[in-house]
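Protein chains in written order, with my numbering: chain U, 9 to 123; chain C, 1361 to 1474. The beta carbon of each residue, even a glycine, is placed where N, CA and C say it ideally should be. Since the structure is predicted, the reported quantities are computational estimates derived from the model, not experimental observations.
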């Protein structure tokens, strides 16, 4: 069975600095997708970035980039130039191509941006 | 605006009562999902549906039921058999079941026991 691990329950970062949120995954399936979501205190889940297992380049979306190291089975989220509005829970999730719609989530990391 | 609407935002259940959480989407997505989130934890899949009139159990389906009579709607019923229903419930949808398609979420429903 697939598994997602986020080892940082909480992190602080100074405003305008970069921060890396860790995510490791475990699957024997060669075809999968990795997602990062942001969950503010209001509760909604906001899709940030996607990385496919066969993608050659690391995904980037504005201030978000994904440091994808396939051999290490890691998919860390990098947020550049942190803003106060980045304070939220961040979830890493994985979806297998041959497992229907199953999206497996990690336990999340709470990011707090200090002014 | 296109999106996913969940209602109500807050819901209270009495002991032995069934309650139904609404989820409607106007994104023309085929697939819809229900997740449960407990405080400080990640999301766990309750049920999902890839097409109308078809749905599958997720990891924690016991005590829950769903229906998918219309493409736009995927209501979740929390039955009296669910002994610990207090949680945050999130509905999601996606274009297809391909791994590259992100799931888009509603704003959630907070369910509490009276």
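{"query": "Using a Cβ cut-off of 9 Å, which residues of the stretch 1421-1454 of chain C contact any Cβ in chain U, in chain order?", "result": "1448, 1450, 1452 and 1454"}
{"query": "Residue ranges of each beta strand (DSSP E) run of no fewer than 3 residues wholly in the stretch 87-121 of chain U, ordered along the chain?", "result": "96-104 and 111-113"}
{"query": "From residue 1381(C) to residue 62(U), what does the alpha carbon distance come to, in whole angstroms?", "result": "38 Å"}
{"query": "Quick one: using the 10 Å Cβ neighbour count with 16 as the cut-off for buried, is residue 1456(C) buried or exposed?", "result": "exposed"}
{"query": "Report, in whole angstroms, the separation of the C-beta atoms of residue 98(U) and residue 29(U), which I expect to be a contact under 8 Å.", "result": "5 Å"}
{"query": "Can you tell me which of the three DSSP states residue 1387(C) falls into?", "result": "coil"}
{"query": "Count Cβ pairs between the stretch 29-45 of chain U and the stretch 1362-1373 of chain C that sit closer than 8 Å; are there 3 or more?", "result": "no"}
{"query": "Since residue 1474(C) and residue 1447(C) should fall inside the 8 Å C-beta cutoff, what is the C-beta to C-beta distance between them, to a whole number of angstroms?", "result": "In fact, because the Cβ distance is near 15 Å, the residues do not count as touching under 8 Å."}
{"query": "Note down, one range per segment and in chain order, each alpha helix (DSSP H) of at least 4 residues found wholly within the stretch 1420-1444 of chain C.", "result": "none"}
{"query": "For the stretch 51-75 of chain U, list every residue whose C-beta sits within 7 Å of some C-beta in chain C, in sequence order.", "result": "51, 52, 53, 55, 58 and 60"}
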